[in-house]
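In the working numbering, the protein residues as written are 1437 to 1665. Glycine included, C-beta positions come from ideal geometry on N, C-alpha and C.
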């Protein structure tokens, strides 16, 4: 996609441009999903909790083995913290994550009868589950249209002029104000996947981007040699 970059005069962005951005992203990614492997709400919560400051690829390698032996709170507690560590030792912050996974498993079993609470309040009360993790779980399961602002969403939102705030929570609030309601359920995944594979932190693939002509950052990135020309 070619075309002159569009300058952004301020926030909020032009509504027609935002609509077009998500129309095009939906065209190339009609049914976006998390790239984390899971089989039930419990394994989804565990996988997302493990993914903090780690790649989905590294988490999937670990959980491929882990979930064969522990895909319920009962099985995870039977494994125990020391039994869990070898499965996730390749993931960053694995010791703290092991403590949290065991603690959240115990809470799910003791307070919720083994079923993960599928409300924001219930999820965020679990050890190691913050707002971002809860948002990913609720959005992925179709319970709540949520936007978890990770590094990809933060970067892409700023480059596209969808947000200009300095913190993830404020960017989330801005996105909820400007993303059309019809696109909200999938906006989280579109922004993450676009940032992961096209609008990368280094050398974004502007020539291969379906929304390059709608991006106010394109010209500047290319002029600085930071994007593919």
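- Restricting attention to 1613, 1598, 1665 and 1590, the CA atom closest to the CA of residue 1644 is found in 1665.
- Spanning the alpha carbons of residue 1551 and residue 1613 requires a straight line of approximately 33 Å.
- Excluding the 5 residues flanking it on each side, residue 1567 has same chain C-beta neighbours closer than 7 Å at 1560, in chain order.
- Here the C-alpha atom of residue 1447 lies approximately 8 Å from the C-alpha atom of residue 1598.
- Positions of the alpha helix (DSSP H) runs, each at least 4 residues long and wholly inside the stretch 1459-1493, are given as 1477-1486 in order along the chain.
- Non-local beta-carbon contacts of residue 1528 in its own chain, meaning distances under 7 Å to residues more than five positions away in sequence, involve 1489 and 1490 in chain order.
- With contacts defined by Cβ atoms closer than 7 Å, residue 1584 and residue 1625 do not form a contacting pair.
- Comparing alpha-carbon positions, the option among 1515, 1555, 1478 and 1601 lying closest to residue 1610 turns out to be 1601.
- The C-alpha of residue 1517 lies about 19 Å from the C-alpha of residue 1497.
- Counting only unbroken stretches of 4 or more residues, the alpha helix (DSSP H) elements lying wholly within the stretch 1509-1564 are 1509-1524, 1530-1548 and 1556-1560, in sequence order.
- As the crow flies, the alpha-carbon of residue 1659 is around 12 Å from that of residue 1642.
- In this structure the stretch 1575-1590 does not touch the stretch 1526-1546; the number of beta carbon pairs closer than 8 Å is below three.
- Inter-segment contact for the stretch 1504-1518 and the stretch 1456-1469 is absent: fewer than three beta-carbon pairs are separated by less than 8 Å.
- Residue 1635 has its alpha-carbon roughly 9 Å from the corresponding atom of residue 1595.
- Of all alpha-carbon atoms in 1577, 1593, 1631 and 1638, the one lying nearest the alpha-carbon of residue 1621 is that of 1577.
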